[in-house]
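See below for the structure under consideration.
Residue numbers (this note's numbering): 2 to 178.
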């Protein structure tokens, strides 16, 4: 049985939700999976056959702890097969939802000095009711500028779960080679 470590860096929980969905799909394929926050894993070991990292974008960037984690574990990440996926509300737009055209992912690769074997870009969610005043205002402004939803009384989920399912299938294929 192959072992997979799924790590996440999430602000509002959509990245974790996607990680758990991938975990369930890969567990059904017979893989042994552990899901954890990068904040709880300072150093990883190479006992895994695959390491997947999922991270959300907030205000145009990933959290600093993601880069620190990768910097501290770059050697280990280069020793096994790896994957990365990014989650953002901007990825709801066609053309912003693939690694080849996503400038956040390109910037991430340059800044982290890590290139995973497989990458995915997924649309996230907007949960206006749970945001504080500042976040709600800022996200509404960003959504207004990008022609997104601005109704602060609602939750909007943009994640294309069939796209996430396909990504999990690709990971399974990589591990079965």
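From the three backbone atoms N, C-alpha and C, an ideal C-beta is built for every residue, glycine too.
Q: Flag this pair as touching only if the stretch 152-165 and the stretch 121-134 have three or more C-beta atom pairs under 8 Å; answer yes or no.
A: These segments touch.
Q | Bridge partner(s) assigned by DSSP for residue 158 | A | Locating residue 158 in the chain shown gives position 157, counting from the first residue. Answer by DSSP bridge pairing, in chain order: 126.
Q. Where DSSP assigns a beta bridge to residue 33, which residues make up the other side?
A. Taking the chain shown and counting its residues from 1, one reaches residue 33 at position 32. The partner list for residue 33 (beta bridge, DSSP) reads 4.
Q. Where does residue 111 fall in DSSP's three states?
A. To locate residue 111, count along the chain shown from 1; it is residue 110. Helix at residue 111.
(Q) Using CA atoms only, rank isn't needed, just tell me which of 99, 115 and 95 is closest to residue 147. (A) Here residue 147 is taken as the residue at index 146 of the chain shown, counted from 1. Of the candidates 99, 115 and 95, the one whose C-alpha sits nearest the C-alpha of residue 147 is 95.
Q: Could you spell out where the beta strand (DSSP E) holding residue 54 opens and where it closes?
A: Counting from 1 along the chain shown, the entry for residue 54 is found at position 53. Per DSSP, residue 54 belongs to the beta strand (DSSP E) from 51-57.
Q. Whose CA, out of 160, 53, 177 and 72, lies closest to the CA of residue 34?
A. Sequence index remark: in the chain shown, residue 34 carries index 33 (1-based). Checking every option, the nearest Cα to that of residue 34 belongs to 53.
**Q.** Own chain partners of residue 51 with C-beta closer than 6 Å, once the 5 adjacent residues on each side are dropped
**A.** Position 50 of the chain shown, counted from the first residue, corresponds to residue 51. Here the set comprises 5, 82 and 176.
Q. Can you list the beta strand (DSSP E) stretches of 3 or more residues lying completely in the stretch 45-102, in chain order?
A. 51-57 and 82-89
Q: Might you give, ordered along the chain, the residues of its own chain that have their beta carbon closer than 6 Å to the beta carbon of residue 168, omitting 5 neighbours on each side?
A: For the purposes of this step, residue 168 is taken as the residue at position 167 of the chain shown. Cβ within range, chain order: 121.
Q: Decide yes or no for the touch test of the stretch 104-119 against the stretch 137-155: beta carbon pairs closer than 8 Å, at least 3 of them.
A: no
Q) How many Å lie between residue 152 and residue 129 at the Cα? A) Indexing the chain shown from 1 puts residue 152 at position 151. Indexing the chain shown from 1 puts residue 129 at position 128. Rounded to the nearest angstrom, the two C-alpha atoms are 8 Å apart.
Q: May I ask which residues mark the beginning and end of the alpha helix (DSSP H) holding residue 1?
A: Outside the shown range of the chain (2 to 178) lies residue 1, about which nothing can therefore be said.
Q: Compare the Cα-Cα distances from residue 85 to each of 132, 170, 178 and 8 and report the closest residue.
A: Locating residue 85 in the chain shown gives position 84, counting from the first residue. The candidate whose alpha carbon is nearest that of residue 85 is 8.
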